[in-house]
Structure formats: C-alpha cells, structure tokens
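Enquirer: Quick one: the structure is below, and I'll ask about it shortly.
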Amino acid sequence: MRRRIAQGNHRSRPQRLNNGGRQHWIFVGSFFVATVACAALFMIVPLDWDQAPVLSKLPNATIDDAYDPYVWGTYRPQLYFGLQARYPKSPQFGLIWYTVPAIYHNGLRHWCDKGAKDPHFMWTDHDGQSFGNQVIDDNKLKFTTQWYNQGRSFATSIKMTGKINLKMTGKIDRPEPHYAFIFYFHHPDACLLPIYKNDKLVGIEGKSEGYGNFKINFGVTGAEAEMSETSLEGEFDKVNFTEFFKPNLFAAQGSRFTKNEELSDSTGRNLWYILFITKDLATIHFNFTAEGENLGNDFDTVFTQRQKSFQDSFSDKFDLDDNSVYFSTAKTALSNLLGGIGYWNGFSKVQVGKNVQPYGPLNLLSAVPSRPFFPRGFLWDEGFHNLLIKNFNPLLTIDIISSWLDTMDSKGWIPREMILTSEAAEKVPKEFIVQSMHAANPPAIFYLVDSLMRSNAFMSMHSRRLYKFYPRLKQWYLWLRDSQVGPLKGTFRWRGRNETTTFELNPKTLPSGLDDFPRASHPSSEEYHLDLLCWMALSSRVVRHLAELSSDNAFMPEIEADMALYNSFENLNKHHWSEEKKAYFDYGKHSYNVDFELEKVDRVTQISRSRTAKTPPKLHFVDDVFGYVNLFPFLLRLLPEDSEQLKYTLDAIKSQLWTDYGLRSLSPSSRYYMARNTADDPPYWRGQIWINLNYLALSALKHYSNSGYHSQQAKQLYGELRENLMRNIHENYVHTGYFWEHYNDKTGNGGGSRPFTGWTSLIVNIITEKYD
Numbered sequence: 009m010r011r012r013i014a015q016g017n018h019r020s021r022p023q024r025l026n027n028g029g030r031q032h033w034i035f036v037g038s039f040f041v042a043t044v045a046c047a048a049l050f051m052i053v054p055l056d057w058d059q060a061p062v063l064s065k066l067p068n069a070t071i072d073d074a075y076d077p078y079v080w081g082t083y084r085p086q087l088y089f090g091l092q093a094r095y096p097k098s099p100q101f102g103l104i105w106y107t108v109p110a111i112y113h114n115g116l117r118h119w120c121d122k123g124a125k126d127p128h129f130m131w132t133d134h135d136g137q138s139f140g141n142q143v144i145d146d147n148k149l150k151f152t153t154q155w156y157n158q159g160r161s162f163a164t165s166i167k168m169t170g171k172i173n174l175k176m177t178g179k180i181d182r183p184e185p186h187y188a189f190i191f192y193f194h195h196p197d198a199c200l201l202p203i204y205k206n207d208k209l210v211g212i213e214g215k216s217e218g219y220g221n222f223k224i225n226f227g228v229t230g231a232e233a234e235m236s237e238t239s240l241e242g243e244f245d246k247v248n249f250t251e252f253f254k255p256n257l258f259a260a261q262g263s264r265f266t267k268n269e270e271l272s273d274s275t276g277r278n279l280w281y282i283l284f285i286t287k288d289l290a291t292i293h294f295n296f297t298a299e300g301e302n303l304g305n306d307f308d309t310v311f312t313q314r315q316k317s318f319q320d321s322f323s324d325k326f327d328l329d330d331n332s333v334y335f336s337t338a339k340t341a342l343s344n345l346l347g348g349i350g351y352w353n354g355f356s357k358v359q360v361g362k363n364v365q366p367y368g369p370l371n372l373l374s375a376v377p378s379r380p381f382f383p384r385g386f387l388w389d390e391g392f393h394n395l396l397i398k399n400f401n402p403l404l405t406i407d408i409i410s411s412w413l414d415t416m417d418s419k420g421w422i423p424r425e426m427i428l429t430s431e432a433a434e435k436v437p438k439e440f441i442v443q444s445m446h447a448a449n450p451p452a453i454f455y456l457v458d459s460l461m462r463s464n465a466f467m468s469m470h471s472r473r474l475y476k477f478y479p480r481l482k483q484w485y486l487w488l489r490d491s492q493v494g495p496l497k498g499t500f501r502w503r504g505r506n507e508t509t510t511f512e513l514n515p516k517t518l519p520s521g522l523d524d525f526p527r528a529s530h531p532s533s534e535e536y537h538l539d540l541l542c543w544m545a546l547s548s549r550v551v552r553h554l555a556e557l558s559s560d561n562a563f564m565p566e567i568e569a570d571m572a573l574y575n576s577f578e579n580l581n582k583h584h585w586s587e588e589k590k591a592y593f594d595y596g597k598h599s600y601n602v603d604f605e606l607e608k609v610d611r612v613t614q615i616s617r618s619r620t621a622k623t624p625p626k627l628h629f630v631d632d633v634f635g636y637v638n639l640f641p642f643l644l645r646l647l648p649e650d651s652e653q654l655k656y657t658l659d660a661i662k663s664q665l666w667t668d669y670g671l672r673s674l675s676p677s678s679r680y681y682m683a684r685n686t687a688d689d690p691p692y693w694r695g696q697i698w699i700n701l702n703y704l705a706l707s708a709l710k711h712y713s714n715s716g717y718h719s720q721q722a723k724q725l726y727g728e729l730r731e732n733l734m735r736n737i738h739e740n741y742v743h744t745g746y747f748w749e750h751y752n753d754k755t756g757n758g759g760g761s762r763p764f765t766g767w768t769s770l771i772v773n774i775i776t777e778k779y780d
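Counting the sequence shown from 1 gives a position; the numbering used here is that position plus 8.
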C-alpha cells in the first residue's frame, strides 16, 4: 500500500494564527514572560474544519474551448485497454480476455493487476491524446492493443502475435487452447440497436449528443473466429460487471454468450458485449464512427503514420537519436506516462467534523503514478509528471494543471489524492478514501509553473493561459501559508502527524509526501519542518512573479514581504542550520534513543508492543537524521553559490547519500535507516532511491555547476550521479521490462510497485538533460 494514500489517525487539530495567519509578536510586561510563553501568546485559533468545503468561485483555470470533450482517449488507466471521452457521462469501451479450456484459464483479464502471474503490459508508443501501441504478454499469449482517434471517432485493433505452443511445452495430450476476447461498449444516454446482415450481427448503432447517429462495427481477419454477443439494459456496475456477465457464458467452456431473449432486436439497450473465440493468430477490429465522419478501411496505414509522427516528434523534442542505447527506454517511459493519463468525474469524500460528506462534483484530468497500483491522481506527483509532459506537449500540461486547480475549494484547499469514482475507490483501502481538509501536500506544481515562466518559448506561446492560473495559485498559496504556519515567524509545520501514537517508531508525516522519513520523534505543535519552508520560499517567488504580471498591485506589499522572509538566507540559517553538525535540520521534540518494547511469547516469537523513549525527548534539531529532507535548501536553490552551507551540503551528498545507483533517501548512519515503522510497516523513504528527488538534485547540481566557488564540485557530482541513474534505470528496464517505484540502494534493483511510470519517467529528462 502506498503510504501517501493514508490520512492517518490524526488527533491534532490544524491551526492558524490570527490576523490572516500572519505572525505577530504580543509584547507583555516582562521580557521573561514573553520569552517563556511566546508560543502560547500567538493566539492560535482553528480554521473552520467543521464547515463542509464548497467549490471555489474564482475564475476557472480551464477555458471552455481548450479541448473537444467528445474526443476519445485511453482515459481509463486502471484497465489493460479502455477508451472514453472527457465528459461526465461519456460512453465507455473496454477489452476483457481469457483462455479456454479451464486448464489454461488465468482468470478474466480486465483491470490491470499486480501479481507475479499477471500479464506484462507496457505502451511502446503513446502521444497522450490521439493514438497508442501497447504490447501485452499473458503467459505465452501475446498481442498488441492499437488504437487511434479521428475527430470524434476511434478505431482499435487487437493483433495476436504469440500463443501457447503445445509441442514446446511437451504436453501434446492437452486440448488445444482457444483465446477469448470480449469487447464491451456502454453508453448511459443512448439506445444501442443491433445491425444484422444475413442473420449475423455486423454492427451496432445509436444516437447521442456529441456523436449524432453513430455506428459501431467489428470483425476478424487472419484467422477464423466464432462470435457471439449479449446485451443488457440498466445501470452499468463498473466494478463488478465482469461478474454480472459470467452467467451469460456457457459454464462448461466459457466459449460463447447466451443471447438475451428478453430483449427483441428493436429494443434499445445501453450495454453490449461482443465475444470472439479463436485458436489461431487473429486480428480483431472494433471501430466507432460518429455521424458525418469516415474512418476508412485501412487501419494499418493510418496507425503507421501516427506512430511515425510520434517517434519523429519524440526524437525532435528530446534531441535523442534512435541509434542511442537509451532511445527505447526513454520513448517507453514517456509513452507510459502519457498512456496513463486518466479522466474522472465525481465527488471526493471529505471528513467534516465527525461526518463524511461529498465534495464536488469534480472533474480531473491527470497522469497516474502506476496503472495497477495507483490509478488515480496525486497532487504532488502531478507537478513532477508535468516536468516531462511539458517538454513534449505543453498544452496538455496546461489542461492537466488547469483541471487540478479547478478542484480547489473556497479556502484554497486541494484534495491531495483524487478518488472520484467507484473504479478508483476499488484500488484504495476503505479507511483511506476519506480526505482531510487540513492535510496539505508539497506544492510541486509551483516548481512546474516556475519552470514554465522561465521558458521564453513557452511564455511567447502560452502566457495568457498561464496567467489564468494566478487567482487560484494565489488562493492555494494563502491556504498553505495560513494553515501550515509554524510556531515561530518564518517557520512552517506539516499538519497531520499523530501526537499520541505509541505504535510507530517515528510517526509518519504523510502530507509531506515523504511519508515515513524520520522527523521529530514526538510530534508537537512546537516543531517546524525544513522542507515545507523551502516549498513556501519557492511558492512565494512564483506568486510574486505572477502578481506582477497580473498587475495585482494591492497584493504586492504582502507577497513581497512573504518572499523576502521565506527566501531569507538569514531566516533559513536561524531556524534550521546547525553550526555543530554543519547541516540543515527539522526542529522539534526529539529523542535520540527510541525503540520498541518486545513481549517474548516463546523462544522464537516476539510481538512488538509499543514504542518507548530510552532518553526523554527535548526540543532541538533532529540532527541524528540526514537524507532527502536535509537537502531541500539545496534542491530548491535557496543557498548562495559561494556559501559554506552549499559546500557542506555537497560534501554530505557524497559521504552520506551516495550510491552507485543514485542518491539514497536516508543515510545509513541514521538509526532509522531501513527500519520498519511498525511490524507491518516496512521502510519506504528510509534508504530507497527515488527518482523525483534525484531529478531535483541533478537540476540543482546543474544550476550550481555554472558559477561560484563550488561549481567544479557540483559539476563532478552532476556527471557521476546522472550516469549512475541512467545506467541503473536502463538496466532494470532491459532486465525486467518495467520501470519501478524506487530502487535498492545496495543492489540497484527495482522495488515497490511496477510498472511505475509516474515520476520515474523523469529519466527521460535526465537522459536528455532537460532540467528546470
């Protein structure tokens, strides 16, 4: 389970300061009292957490004519192959397959699954909008799923390229396997009627808004196939509908559908299943043609043209020759990020006081981290995803970020995880579906917007679209500033840590995105977090720039004061720099010696009971931990190029986080290195190599290698780190066929979920040296 999905068992209430969340000192009669009691004098009051969120009434970031909502795409990333359009009641197309007889049966294949015996699947080519080519290997059954759209129509082709060979298996006494492919089409707002020719079903027709009088046709080439069909009328259960149609298959072999005799040929229905059974290598087509459009009959010609256009565009935009050893790796990484873009419409479940209430309706276009594990949108991931997408299709990035910003509530809160449909919820444990209105997430989208504004090419073409982001980016910034304010002026604190638990070695900080990265051992309102200050420094710079471009003169004094404080080298050093340890740290109530008490059941078995602090926690730096969090002033370029702090940080990168495969997330010198947080909670950000933070490190090293006293050291580290990352990710992809969630710091082997083509796809930017 990806920890970021959890909201945790929070008991601490999110708070903000009076006067719009700004820091104010309250002077009392004695300096002593002011010093001892200053935290209590900051008149902290709760935000209105018992009020249900309502959608923001700020101008939408999305513009009405940005895209045609009726154009088809692979916007159902949780499926091996599925198409829909980008509007709430879109019709949906999907593929299911299985093998008969039962001796070969591995179950119905429909949703992307993650078991060892589940199919291998990867897009080899996908442009994110108009076409794709996916290769699927299901235990000797091999085929491709190819598709393209044309206007509001689409064409698909399932091409079998390999099958079970009984002679090769040595089991020639077994019955010959047959392969079943089920195509289904559901339209909630249309009556779907059959088209017969010589008593044989040859197509389906219907009429609906956006498509007019449309037709569906299908057929088989290359081999003989038996076809049968069934149709239904009523609600479409997207989660359990495969169970719904099983009774329609003959139980003995699952070799054909029984016809629904309750519906006459003139009766409209809204769901059709078309089943093809074949024993030989066949190609099956399924096409949808909108009124007034013509797909033609030459699928291969059109598809080949789309494929060549995509590959030429990829080579041109990333300046990568197809003779490069990394060409296929990079093209596949980009294709799977783009092929994982989904569209969802629905309501988010939000905790409001003691109740759970729906928030929405929300519409979201977003890439996903992993189709089988995390087929939904994550807020901070999307900033990283689009650092790559923008280099291929900046307009698609604008559409995606607009979609996210338009989910904002009236206060500026954005759900950090989008679970809007029954299909999305099916992949999430029920206890983690409900979102918390006090939970923030790293605003990586500000890093993305900063990079867009620094691109002359982008601004010359798309600056007006970017300016439309400003009202909502400003509101989001203000919400972050006020809701995550720290105990001292110029500090910030992630809300959501569990202050009372004794069952975690180090209570997680899920809103930070770094989940189990060690923080102060005993969470409290007195702690403050280094990474969040750095995110706010970056965000304030972006908002300040946009405020100027948008002529928001009334806001300028306030945002300039924020920017000056949060980007102040003096403020950073005052609150987070340890002169003794020569590094930046979090601050909080921390014990250097915590462990679990164990109750021995017998000579072998031990059960973890609770965490104890061998030494009492005290307020000080969390300076027995060094890892990704400690790099944030460097990662977000807050350090002066000639500073000793930069020098010490570069030294620590090499001495504490360096491996032959990338920068590890936590130094082995830390007590928490690769430590389980509970008996059932393995380490996550406690040593593994994560590509998103390595990308930020490379980008920062590239920046600091340009000038300054430490430029040569930064340049040397940059070259070595880049080479290590490219080599390891490429070798893992070649050997396993996948990109991984993270990589082992000792072996380089991939770990976590796979295929993980979210921020791991940033390897494309690393290979082609496209930084921000």
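Yeah, the Cβ is synthetic: ideal placement off N, Cα and C, and Gly gets one too.
#1: Taking CB distances under 7 angstroms as the criterion, tell me whether His-584 reaches chain B.
#2: Relative to the C-alpha of Val-228, which residue among Cys-199, Arg-473, Ser-586, Leu-283 is closest?
#3: In angstroms, rounded to a whole number, what distance separates the CA positions of Gly-348 and Ile-104?
#4: Among Gln-59, Ala-60, Pro-67, which has the Cα closest to the Cα of Gln-483?
#5: Once DSSP output is grouped into helix, strand and coil, what is the label at Ala-198?
#6: Mapping the DSSP letters down to three states, classify Phe-381 as helix, strand or coil.
#7: Decide if His-743 is buried, meaning its Cβ has at least 16 other Cβ atoms within 10 Å, or exposed.
#8: Note down the Cα distance separating Glu-434 from Trp-352, rounded to an integer number of angstroms.
#9: Straight-line CA distance for Leu-271 to Lys-246?
#10: Return the bridge partner residues of Tyr-192 from the DSSP annotation.
#11: So if DSSP puts Ile-166 in a beta bridge, which residue, or which two residues, is it bridged to?
#12: When DSSP builds the beta bridges, which residues end up paired with Arg-619?
#13: Identify the continuous alpha helix (DSSP H) that holds Asn-773 and give its terminal residues.
#14: Distance check for Trp-487 and Ala-452, CA to CA, integer angstroms please.
#15: Taking Cβ positions, are Phe-454 and Ala-69 nearer each other than 7 angstroms?
#16: Between the C-alpha atoms of Tyr-106 and Phe-764, what's the straight-line distance to the nearest angstrom?
#17: Determine the DSSP secondary structure at His-446, reduced to helix, strand or coil.
#18: Should Thr-620 be labelled buried (16 or more other beta-carbon atoms within 10 Å of its own) or exposed?
#19: Just to confirm, are Pro-526 and Asn-514 a CB contact at a threshold of 7 angstroms?
#20: Which parts of the region 205-234 are runs of the beta strand (DSSP E), unbroken and 3 residues or longer, counting only runs that do not cross its ends?
#21: Of the choices Gly-211, Pro-380, Met-571, whose alpha-carbon is the least far from that of Gly-123?
#22: To test your reading of the DSSP string, which unbroken alpha helix (DSSP H) runs of 4 or more residues are found completely within the region 382-457?
#23: State the DSSP-derived secondary structure class of His-470, mapped to helix, strand or coil.
#24: Determine, using beta carbons only, whether Leu-209 and Glu-237 come nearer to each other than 7 angstroms.
#25: Pick out whichever of Tyr-746, Ser-618, Leu-342, Asn-732 has its Cα sitting closest to the Cα of Ala-687.
#26: Shortest alpha-carbon distance to Pro-77 belongs to which of Pro-99, Phe-386, Arg-489?
#27: So what's Gly-727 in DSSP terms, helix, strand or just coil?
#28: Can you give me the C-alpha to C-alpha distance between Phe-189 and Ile-285, rounded to a whole angstrom?
#29: Mapping the DSSP letters down to three states, classify Ala-7 as helix, strand or coil.
#30: Roughly how many whole angstroms lie between the Cα atoms of Gly-361 and Val-62?
#31: Under three-state DSSP, which class holds Gln-59?
#32: I'd like the span of the beta strand (DSSP E) that includes Gln-365, first residue to last.
#33: What residues match up with Leu-496 in a beta bridge as DSSP calls it?
#34: Cα-Cα, which of Arg-473, Ile-409, Asp-490, Tyr-656 is closest to Ala-448?
#35: Who are Thr-238's beta bridge partners in DSSP?
#36: In this structure, does DSSP put Gly-140 in helix, strand or coil?
Expert: With the structure as the only source:
#1: In the structure shown, chain B cannot be found, because there is only a single protein chain.
#2: The residue labelled residue 228 in the question sits at position 220 within the sequence shown. Closest by C-alpha distance to Val-228, out of Cys-199, Arg-473, Ser-586, Leu-283, is Leu-283.
#3: Along the sequence shown, read from residue 1 onward, the residue named residue 348 stands at position 340. Along the sequence shown, read from residue 1 onward, the residue named residue 104 stands at position 96. Taking the straight line from one Cα to the other gives about 18 angstroms.
#4: One-based indexing of the sequence shown puts residue 483 at position 475. Checked all of Gln-59, Ala-60, Pro-67; the closest Cα to Gln-483 is Pro-67.
#5: Your numbering for residue 198 matches position 190 in the sequence shown. Note: Ala-198 maps to coil in three-state DSSP.
#6: For the purposes of this step, residue 381 is identified with residue 373 of the sequence shown, where counting begins at 1. Note: Phe-381 maps to coil in three-state DSSP.
#7: For this step, residue 743 is matched to residue 735 along the sequence shown. Under this definition His-743 is an exposed residue.
#8: Translated into the one-based positions of the sequence shown, residue 434 becomes position 426. Translated into the one-based positions of the sequence shown, residue 352 becomes position 344. Glu-434 and Trp-352 have their C-alpha atoms roughly 14 angstroms apart.
#9: Within the sequence shown, the letter at position 263 stands for residue 271. Within the sequence shown, the letter at position 238 stands for residue 246. Residue confidence for Leu-271 is low, a pLDDT of 47 falling below 50, so the modelled location carries little weight and cannot support an answer.
#10: As a working note, residue 192 is residue 184 in the sequence shown. Its beta-bridge partners are Gly-102, Tyr-281.
#11: For the purposes of this step, residue 166 is taken as the residue at position 158 of the sequence shown. Answer by DSSP bridge pairing, in chain order: Thr-153, Ile-292.
#12: Position 611 of the sequence shown, counting from 1, holds the residue named residue 619. Answer by DSSP bridge pairing, in chain order: Phe-604.
#13: The count along the sequence shown starts at 1 and reaches residue 773 at position 765. Segment 771-776, the alpha helix (DSSP H) holding Asn-773.
#14: Here residue 452 is taken as the residue at index 444 of the sequence shown, counted from 1. Here residue 487 is taken as the residue at index 479 of the sequence shown, counted from 1. Rounded to whole angstroms, Ala-452 to Trp-487 spans 15 angstroms at the Cα level.
#15: Along the sequence shown, one-based indexing puts residue 454 at 446. Along the sequence shown, one-based indexing puts residue 69 at 61. Taking 7 angstroms as the Cβ cut-off, Phe-454 and Ala-69 do not qualify as a contacting pair.
#16: Working through the sequence shown from its first residue, we reach residue 106 at position 98. Working through the sequence shown from its first residue, we reach residue 764 at position 756. For Tyr-106 and Phe-764, the distance between alpha carbons rounds to 25 angstroms.
#17: Taking the sequence shown and counting its residues from 1, one reaches residue 446 at position 438. It is coil, neither helix nor strand.
#18: Within the sequence shown, residue 620 is the residue found at index 612, counting from 1. Exposed.
#19: Walking along the sequence shown from the start, residue 526 turns up at place 518. Walking along the sequence shown from the start, residue 514 turns up at place 506. Yes, the pair counts as a contact, with Cβ atoms nearer than the cut-off.
#20: Runs found: 208-216, 220-229.
#21: Mapped onto the sequence shown, residue 123 falls at position 115. Considering only alpha carbons, the answer is Pro-380.
#22: If we require 4 residues or more, the alpha helix (DSSP H) runs fully inside the region 382-457 come out as 387-400, 402-413, 430-433.
#23: Here the question's residue 470 lines up with position 462 in the sequence shown. DSSP places His-470 in helix when its eight states are reduced to three.
#24: Along the sequence shown, one-based indexing puts residue 209 at 201. Along the sequence shown, one-based indexing puts residue 237 at 229. Closer than 7 angstroms, so yes.
#25: The sequence position of residue 687 within the sequence shown is 679, counting from 1. Nearest Cα to Ala-687 within the set Tyr-746, Ser-618, Leu-342, Asn-732: Ser-618.
#26: Reading the sequence shown from its first residue, position 69 is the one you call residue 77. Checked all of Pro-99, Phe-386, Arg-489; the closest Cα to Pro-77 is Pro-99.
#27: One-based indexing of the sequence shown puts residue 727 at position 719. Helix at Gly-727.
#28: Taking the first residue of the sequence shown as position 1, residue 189 is located at position 181. Taking the first residue of the sequence shown as position 1, residue 285 is located at position 277. Those two C-alpha atoms are separated by around 7 angstroms.
#29: This structure gives no information on residue 7, because the portion of the chain shown stretches from 9 to 780.
#30: On the sequence shown, position 353 is the one that residue 361 refers to. On the sequence shown, position 54 is the one that residue 62 refers to. About 15 angstroms.
#31: Numbered from 1 along the sequence shown, position 51 holds the residue referred to as residue 59. Gln-59: coil per DSSP, three-state reduction.
#32: Taking the sequence shown and counting its residues from 1, one reaches residue 365 at position 357. Taken as a continuous stretch (DSSP letters only), the beta strand (DSSP E) holding Gln-365 covers 363-374.
#33: For the purposes of this step, residue 496 is identified with residue 488 of the sequence shown, where counting begins at 1. Per DSSP, none; premise fails for Leu-496.
#34: On the sequence shown, position 440 is the one that residue 448 refers to. Residue Asp-490 is the option with its Cα nearest to Ala-448.
#35: Looking up residue 238 in the sequence shown gives position 230. Tyr-281.
#36: The count along the sequence shown starts at 1 and reaches residue 140 at position 132. Gly-140 falls in the strand class under three-state DSSP.
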